[in-house]
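A quick write-up on the structure given underneath.
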Amino acid sequence: MRLSEDKVRRIAERLHDELAERGLLAYRDAPGQRPSDARALRVKAIYDAIVADLKIEEEIDAEVERILATYSREIKGTERDILFRKHKEEVARKRGYVL
Numbered sequence: 007m008r009l010s011e012d013k014v015r016r017i018a019e020r021l022h023d024e025l026a027e028r029g030l031l032a033y034r035d036a037p038g039q040r041p042s043d044a045r046a047l048r049v050k051a052i053y054d055a056i057v058a059d060l061k062i063e064e065e066i067d068a069e070v071e072r073i074l075a076t077y078s079r080e081i082k083g084t085e086r087d088i089l090f091r092k093h094k095e096e097v098a099r100k101r102g103y104v105l
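The numbering used here applies: residue 7 is where the sequence shown begins, and numbers increase by one.
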């Protein structure tokens, strides 16, 4: 994964807090649940969604690397970047994802 677990956790916390501050989070805490516990559960859900998305992107990147490895000549520099992006968009589209 490109980001450490700690960075993803901090992103999830910041995203939660920003959305809550702007009134864009709608939730109902369970009766008797402490607010800090409820926040931790919501942050965990955001964290899990981010991690799942990063894993999907890693799988797509790996598939693109396999595609580029099939080329008969070595691809370098800007050409490689362009081909990588093109193939990544194509693989993501085939899988039903939008980049």
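Using N, Cα and C, we set each Cβ at its ideal position, and we do this for glycine too.
Q: Could you please give the first and the last residue of the uninterrupted alpha helix (DSSP H) stretch that includes residue 60?
A: Counting from one through the sequence shown, the residue named residue 60 turns up at place 54. Residue 60 -> alpha helix (DSSP H) spans 41-75.
Q.
Whole angstroms are fine: how far does the CA of residue 74 sit from the CA of residue 80?
A. In the sequence shown, residue 80 corresponds to position 74, counting from 1. In the sequence shown, residue 74 corresponds to position 68, counting from 1. One alpha carbon belongs to residue 80, the other to residue 74, and they sit about 9 Å apart.
Q) If you draw a straight line from the C-alpha of residue 85 to the C-alpha of residue 95, how long is it? A) Reading the sequence shown from its first residue, position 79 is the one you call residue 85. Reading the sequence shown from its first residue, position 89 is the one you call residue 95. Roughly 16 Å between the two C-alpha positions.
Q | Cα-Cα separation, residue 56 to residue 12 | A | Residue 56 sits at position 50 when you count from the first residue of the sequence shown. Residue 12 sits at position 6 when you count from the first residue of the sequence shown. Cα-Cα distance, rounded: 12 Å.
Q.
My output table needs one value for residue 30: the three-state DSSP class, helix, strand or coil.
A. For this step, residue 30 is matched to residue 24 along the sequence shown. Residue 30 falls in the coil class under three-state DSSP.
(Q) So for residue 185, helix, strand or coil by DSSP? (A) The structure shown does not extend to residue 185, since the chain spans only 7 to 105, so no value can be given for it.
Q | Chain-order list of residues whose beta-carbon lies under 8 Å from that of residue 105 (same chain, five-residue window excluded) | A | To locate residue 105, count along the sequence shown from 1; it is residue 99. So the qualifying residues of the chain are 94, 95 and 98.
Q) Quick one: Cα of residue 68 to Cα of residue 42, how far? A) Taking the sequence shown and counting its residues from 1, the one referred to as residue 68 is at position 62. Taking the sequence shown and counting its residues from 1, the one referred to as residue 42 is at position 36. Distance between the alpha carbons of residue 68 and residue 42 is about 38 Å.
**Q.** Where the alpha helix (DSSP H) containing residue 83 begins and where it ends
**A.** In the sequence shown, counting from the first residue as 1, residue 83 sits at position 77. Residues 83-101.
(Q) Within a Cβ cutoff of 7 Å, which residues of the same chain sit near residue 18, ignoring the five residues on either side of it in sequence? (A) To locate residue 18, count along the sequence shown from 1; it is residue 12. For residue 18, same chain residues with a beta-carbon under 7 Å away, outside a window of 5 residues either side, are 49, 52, 53 and 56 in chain order.
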